[in-house]
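Chains as they are written, first to last, in the working numbering: chain A, 1 to 208; chain B, 1001 to 1208; chain C, 2001 to 2208.
Idealized CB from N, CA, C, for every residue including glycine.
Structure first, commentary second.
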Amino acid sequence: MGFRLIPKEEKFFSMFEQAAQNMERGVLALKSLVTNFDQVQRYASEVKAAEHDGDTQTHEIIAKLDKTFVTPFDREDIHALTSKLDDILDLAWGVADRFVLYQIEQPTPQMVEIIDLLVRSAAELRKAISKATHLKYDNIIEHCVEINNLENQADQIVRHAVADLMNAGGKDPVEVMKLKEIYEHLERAADRCEDVANVLESIALKSS
Amino acid sequence: MGFRLIPKEEKFFSMFEQAAQNMERGVLALKSLVTNFDQVQRYASEVKAAEHDGDTQTHEIIAKLDKTFVTPFDREDIHALTSKLDDILDLAWGVADRFVLYQIEQPTPQMVEIIDLLVRSAAELRKAISKATHLKYDNIIEHCVEINNLENQADQIVRHAVADLMNAGGKDPVEVMKLKEIYEHLERAADRCEDVANVLESIALKSS
Amino acid sequence: MGFRLIPKEEKFFSMFEQAAQNMERGVLALKSLVTNFDQVQRYASEVKAAEHDGDTQTHEIIAKLDKTFVTPFDREDIHALTSKLDDILDLAWGVADRFVLYQIEQPTPQMVEIIDLLVRSAAELRKAISKATHLKYDNIIEHCVEINNLENQADQIVRHAVADLMNAGGKDPVEVMKLKEIYEHLERAADRCEDVANVLESIALKSS
């Protein structure tokens, strides 16, 4: 086969793909948590593990970025992409941890719905990042449009779920606070997915 | 009159002016909402329409930016300006929607006061953006200083209104939560106005 | 000794050192506030004074940055460093003000603990900024790692303190809201310390 040099960019690309896969892994663990809520501790640990690995990957990408002169994309795009991907995992872990710490008895149906949307967003992001890192920009915009749609859906569900919760009357106000905080973290996770999509769209437009 | 080429920058400029006018339109619809609260649904739809148009404009500006090599201002300034303008409308719509969804009986006098400050900020922003897009940087700083003052006033009103609400005692805690959330969204809208002003100030300083 | 020109960069550097010292002063005043809570008004005024001076310094640094072509570090790093330093003071003042406005009877032991961590973070930041402004990058990473550790500790304390507060039962829900908001502001202050550390780490890596 002969000798082949792996160019710097290729390593960079594979680091990105790993970060995207790890993000998806964390979101899938959150999905397992809400659908197997009798094992909430176990799945919370899985989300935590993904979040921890994400921290390490983020740190490595940023460190590499600061020491690399030639990069495939604009420096600020890489920075935004990496830190927003990391934010998704931080928020997923924030949700998982709050289910445990706040002694939530059962996730609400709307929480499960939003996490399903997050799972779909994570898959779209992973595919779009894989294409970007192979310099195939053709269908990236479609993935990004889909992620924007999923975020809009999540936003609507959260807003109405929180309103219903508050309008219900007779609920323990502290319980309302706990659930509201979990909803808001889920919404922010969907927002960060959209932020990553916006960066990817920018990268695709600049390269087209 | 003869034939005249419209340079790329001029189109860019007019897109900015439109986005600023649309932002002001959304803030004015929010003002109509609180002063004609019996027609809350109608004015909420008007805020929503402005927010929706703002999304389209933002998307067009960013897409144009990513495909344009020469731009009038620094690329990152345009990006910040556009996305922060859009945030103001998102927050105005968030407030309008919560008045409806949370079944608020009546906006508080302090909410009307803060929205009056937002109306004044929006007018200052629209004027400053119009000057910047005509490359007349002379009085931009004055507009920015005024927007900073308006934000400080809004911040003070919000902080004291929330404290009074919480210190009152005997209120339904969930009702406190609802009003507090609306106050916090109004404060964030004022913050985003200040963010836009800071970008404009930067543009003016770089060009002077 | 003879005549010596002070280069532009040196002025820039000393402005940074002053901003870092002023930030530490604000955090120390917040520490005095919680340990001398019978003089809460007096120490709140001290935090406010630091916040006010910080605003002036931030404005001066940004204005100088916009008019300076050659700067010691990347323009966007200076911008991020300055505005995040300012955020720490805004949040410290937000906490001090809320102790007064929300008529808090006594800070909780966990609040004192977190403020102790903030004091340590502020000292690390001040040292790291002093080194960076003397172009001595050798041990900056160590300071940054320590600030990250301190943020992780603060995050853990806040999350458990808020959970304990909400799980306690029988508490006045509005009182829970007040304390929760103070905890969340303290956590955000620790987050902003970490943000500053991340920028410093970037600067150090780029220069090594």
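- The DSSP-derived three-state label of residue 87 of chain A is helix.
- Between the region 1033 to 1042 of chain B and the region 1056 to 1076 of chain B there are fewer than three inter-stretch CB-CB distances shorter than 8 Å, so the stretches are not counted as touching.
- Comparing C-alpha distances from residue 1190 of chain B to each of B:1150, B:1178, B:1162 shows the shortest one belongs to B:1150.
- Residues of the region 2058 to 2074 of chain C whose Cβ lies closer than 8 Å to any Cβ of chain B, in chain order: 2062, 2063, 2066, 2067.
- CA-to-CA, the gap between residue 198 of chain A and residue 124 of chain A works out to about 13 Å.
- Using a Cβ distance threshold of 8 Å, residue 114 of chain A and residue 163 of chain A do not count as a contacting pair.
- In the three-state scheme derived from DSSP, where H, G and I count as helix and E and B as strand, residue 107 of chain A is classed as coil.
- The beta carbon of residue 2103 of chain C falls within 8 Å of a beta carbon belonging to chain B, placing the residue at that interface.
- Residue-level contact by beta carbon fails for residue 1047 of chain B and chain A, as no gap is shorter than 8 Å.
- Of the residues assessed, residue 171 of chain A falls on the exposed side of the cut-off, its CB having fewer than 16 other CB atoms within 10 angstroms.
- For residue 1207 of chain B, the secondary structure class from DSSP, reduced to helix, strand or coil, is helix.
- Excluding its 5 nearest sequence neighbours in each direction, residue 93 of chain A has C-beta neighbours in its own chain below 6 Å: 47, 48, 51, listed in chain order.
- Around residue 1162 of chain B, no beta-carbon contact reaches into chain A at under 7 Å, the shortest distance being about 15 Å.
- Under the Cβ criterion (8 Å, minimum of three pairs), the region 72 to 84 of chain A does not count as touching the region 22 to 31 of chain A.
- Of the other Cβ atoms in all chains shown, 16 or more fall within 10 Å of the Cβ of residue 2084 of chain C; this residue is therefore buried.
- Not a single C-beta of chain A is nearer than 8 Å to the C-beta of residue 2139 of chain C.
- Contact annotation: residue 1017 of chain B and residue 1108 of chain B have beta-carbon atoms that are not nearer than 8 Å.
- Sequence-ordered contacts of the region 2164 to 2181 of chain C with chain B read 2173, 2174, 2177, 2178 [C-beta pairs closer than 7 Å].
- Shown here for residue 12 of chain A: same chain residues with a beta carbon closer than 7 Å to its own, the five before and five after excluded, namely 64, 71, 72 in chain order.
- Between residue 91 of chain A and residue 159 of chain A, the gap from beta carbon to beta carbon reaches 8 Å or more.
- DSSP assignment within the region 96 to 157 of chain A yields the following whole alpha helix (DSSP H) runs of 4 residues or more, N-terminal first: 109 to 133.
- Contact annotation for residue 97 of chain A against chain C: 2159 [CB-CB distance below 7 Å, chain order].
- By the beta-carbon neighbour count (other beta carbons within 10 angstroms, threshold 16), residue 1202 of chain B is buried.
- For residue 202 of chain A, at least one C-beta of chain B is nearer than 8 Å to its own C-beta.
- Here residue 2174 of chain C really is in contact with residue 1166 of chain B; their C-beta atoms are around 5 Å apart, less than 8 Å.
- Comparing C-alpha distances from residue 1054 of chain B to each of B:1042, B:1024, B:1136 shows the shortest one belongs to B:1024.
- Distance between residue 1208 of chain B and residue 1129 of chain B, taken at the CA atoms: about 16 Å.
- Going by beta carbons, residue 140 of chain A and residue 80 of chain A fall outside the 8 Å limit.
- Assignment of residue 2031 of chain C by DSSP, reduced to helix, strand and coil, places it in the helix class.
- In the DSSP assignment, residue 1054 of chain B falls within the unbroken alpha helix (DSSP H) covering 1040 to 1066.
- Taking residue 1087 of chain B as the centre and dropping the five residues before and after it, the same chain places the C-beta of 1192 closer than 7 Å to its C-beta, in chain order.
- DSSP, reduced to helix, strand and coil, places residue 168 of chain A outside both helices and strands of the structure shown, so it counts as coil.
- Closest in alpha carbon position to residue 2111 of chain C, among C:2101, C:2206, C:2183, C:2105, is C:2183.
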